[in-house]
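Student: Basically my numbering = 1-based index in the sequence shown + 16.
Cβ coordinates follow ideal geometry from the N, Cα and C atoms, glycine included.
Given the structure is predicted, the values throughout are model-derived calculations rather than measurements.
Below you'll find the structure I mean.
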Amino acid sequence: MRTLLWLLVGLFGCVLGLPLELTDVSFDHDTQVGTHGTTGPWFVKFYAPWCGHCRRMETAWNELADALTNEVNVASVDATKNKMLAERFKIAGYPTLIYFKDEKMYRHSGPRTLEALEQFARSDYQKMKAESIPKPLTKLDLIRRNFAHFVQDMEHVYTQRLAAAVAFVFMGLSAGMAIGAACAAFSMKRSRRATEFSDKKKL
Numbered sequence: 017m018r019t020l021l022w023l024l025v026g027l028f029g030c031v032l033g034l035p036l037e038l039t040d041v042s043f044d045h046d047t048q049v050g051t052h053g054t055t056g057p058w059f060v061k062f063y064a065p066w067c068g069h070c071r072r073m074e075t076a077w078n079e080l081a082d083a084l085t086n087e088v089n090v091a092s093v094d095a096t097k098n099k100m101l102a103e104r105f106k107i108a109g110y111p112t113l114i115y116f117k118d119e120k121m122y123r124h125s126g127p128r129t130l131e132a133l134e135q136f137a138r139s140d141y142q143k144m145k146a147e148s149i150p151k152p153l154t155k156l157d158l159i160r161r162n163f164a165h166f167v168q169d170m171e172h173v174y175t176q177r178l179a180a181a182v183a184f185v186f187m188g189l190s191a192g193m194a195i196g197a198a199c200a201a202f203s204m205k206r207s208r209r210a211t212e213f214s215d216k217k218k219l
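Below, the structure is given as structure tokens:
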């Protein structure tokens with residue numbers, strides 16, 4: 017039942033020229049970007065629901081899907097929910113726009129207006145560096161990468177805390193030396209005054 021619902025949603029989106037929503041599960045099956053597929057080129061937006069830039073370009077992205085109907089498949093991926101795709105394509109910021117064609121991928125970095133996006137999808141993508149499409153990640157790959165990130169974070173925290181501890185000890189020693197010097201100076205001053213007072217009494 018759920019599969020039928022998604023098929024109907026996809027068909028409805030295609031008829032209206034709306035971007036197709038892709039997921040970790042459906043991405044490779046629908047796009048066939050890593051094979052000699054027959055679905056044609058794909059222009060995919062990786063976004064986050066809270067991203068202001070993503071929301072501002074939503075109208076242009078919807079219009080792009082309509083303008084490129086029967087030429088280029090326009091789709092979107094919620095990178096905050098589909099972690100395997102986000103990791104696979106090294107999504108570091110939002111929105112990230114990637115054009116897929118002939119088993120290669122091209123990252124868009126220009127203006128996000130309808131005209132600029134349409135021009136990129138039709139020809140300007142060729143001006144960008146062609147990258148090989150990474151193979152799909154398995155859940156084990158994701159676990160390994162997450163563990164590696166965790167280790168890096170722990171190393172960073174340890175380094176920061178060690179630096180803070182060294183700085184704290186140095187500040188403590190400096191403060192102790194300063195207080196000690198002040199006490200010594202005060203003691204010498206008192207001793208000198210006592211000696212002067214004793215000498216005056218003898219006179």
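Measuring only the C-alpha atoms, how far is Pro65 from Glu171?
Tutor: The straight-line gap from Cα to Cα measures roughly 31 Å.
Student: If I measure Cβ to Cβ from Thr19 and keep anything under 6 Å in the same chain, skipping five residues before and after, which residues do I get?
Tutor: Legend: pLDDT at Thr19 = 43, less than 50; position of this residue unreliable, value from coordinates given subsequently. Closer than 6 Å at Cβ, skipping near neighbours: no residue.
Student: Can you look up Met121 in the DSSP assignment and give me helix, strand or coil?
Tutor: Residue state, collapsed to three classes: strand.
Student: Hey, does Ala102 have any beta-carbon neighbour from chain D nearer than 9 Å?
Tutor: The structure shown contains no chain D; it holds only a single protein chain.
Student: Contact between the segment 111-120 and the segment 66-79: three or more CB pairs below 8 Å?
Tutor: With the cut-off at 8 Å, the segment 111-120 and the segment 66-79 touch.
Student: Compare the Cα-Cα distances from Ser139 to each of Thr51, Glu87, Asp46 and Asp40 and report the closest residue.
Tutor: The candidate whose alpha carbon is nearest that of Ser139 is Glu87.
Student: How would you label Ile159, buried or exposed, when you count the other beta carbons within 10 angstroms and need 16 or more for buried?
Tutor: It counts as exposed.
Student: Please look up how many angstroms separate the CB atoms of Arg128 and Ala76, rounded, as I've assumed it's under 8 Å.
Tutor: The Cβ separation is near 6 Å, so the contact holds.
Student: Write down the C-beta distance between Ala95 and Val60 rounded to the nearest angstrom, noting that I regard them as a contact closer than 8 Å.
Tutor: Not a contact, Cβ separation roughly 10 Å.
Student: Measure the alpha-carbon distance for Pro35 versus Leu156 and round it to whole angstroms.
Tutor: Distance between the alpha carbons of Pro35 and Leu156 is about 30 Å.
Student: In whole angstroms, what separates the C-alpha of Thr47 from that of Thr85?
Tutor: If you take the alpha carbons of Thr47 and Thr85, they lie about 15 Å apart.
Student: So, under 8 Å CB-CB, Met100 and Asp40 are touching, yes? Tell me the CB distance rounded to an integer number of Å.
Tutor: Confirmed, about 5 Å.
Student: Could you tell me which uninterrupted alpha helix (DSSP H) segments, each at least 4 residues in length, are contained entirely in the segment 43-87, listed from first to last along the chain?
Tutor: Within the segment 43-87, the complete alpha helix (DSSP H) runs of at least 4 residues are 43-47, 68-72 and 74-83.
Student: Under DSSP, the beta strand (DSSP E) around Leu133 begins and ends at which residues?
Tutor: Unbroken run through Leu133 is the alpha helix (DSSP H), Leu130 to Arg138; no beta strand (DSSP E).
Student: Quick one: what's got a C-beta closer than 6 Å to Phe50's C-beta in the same chain, skipping five residues either side?
Tutor: This sequence places Gly at residue 50; Phe is not what is there. Cβ neighbours of Gly50 beyond the five flanking positions: Ile149.
Student: Please list, in chain order, all residues of the same chain as Lys120 whose beta carbon is under 8 Å from its beta carbon, the five residues on each side excluded.
Tutor: Answer for Lys120: Ala146, Glu147, Ser148 and Ile149, listed in chain order.
Student: Could you please give the first and the last residue of the uninterrupted alpha helix (DSSP H) stretch that includes Leu101?
Tutor: Lys99 to Arg104 is the extent of the alpha helix (DSSP H) around Leu101.
Student: For Val25, count neighbouring C-beta atoms within 10 Å of its own C-beta (all shown protein chains included) and say buried if the count is 16 or more, exposed if not.
Tutor: At Val25, the pLDDT of 43 sits below 50, so the modelled position is not reliable; the number obtained from the coordinates is stated separately. It counts as exposed.
Student: Roughly how many whole angstroms lie between the Cα atoms of Tyr115 and Asp169?
Tutor: Using only the alpha carbons, I get a separation of about 32 Å.
Student: Compare the C-alpha of Pro152 against each of Glu103, Glu79, Phe186 and Val173 and name the closest.
Tutor: Considering only alpha carbons, the answer is Glu103.
Student: Alpha carbon to alpha carbon, how far is Gly126 from Phe141? Give it in angstroms, no decimals.
Tutor: The question names Phe, but residue 141 in the sequence shown is Tyr. Looking at the two C-alpha atoms, the distance is approximately 10 Å.
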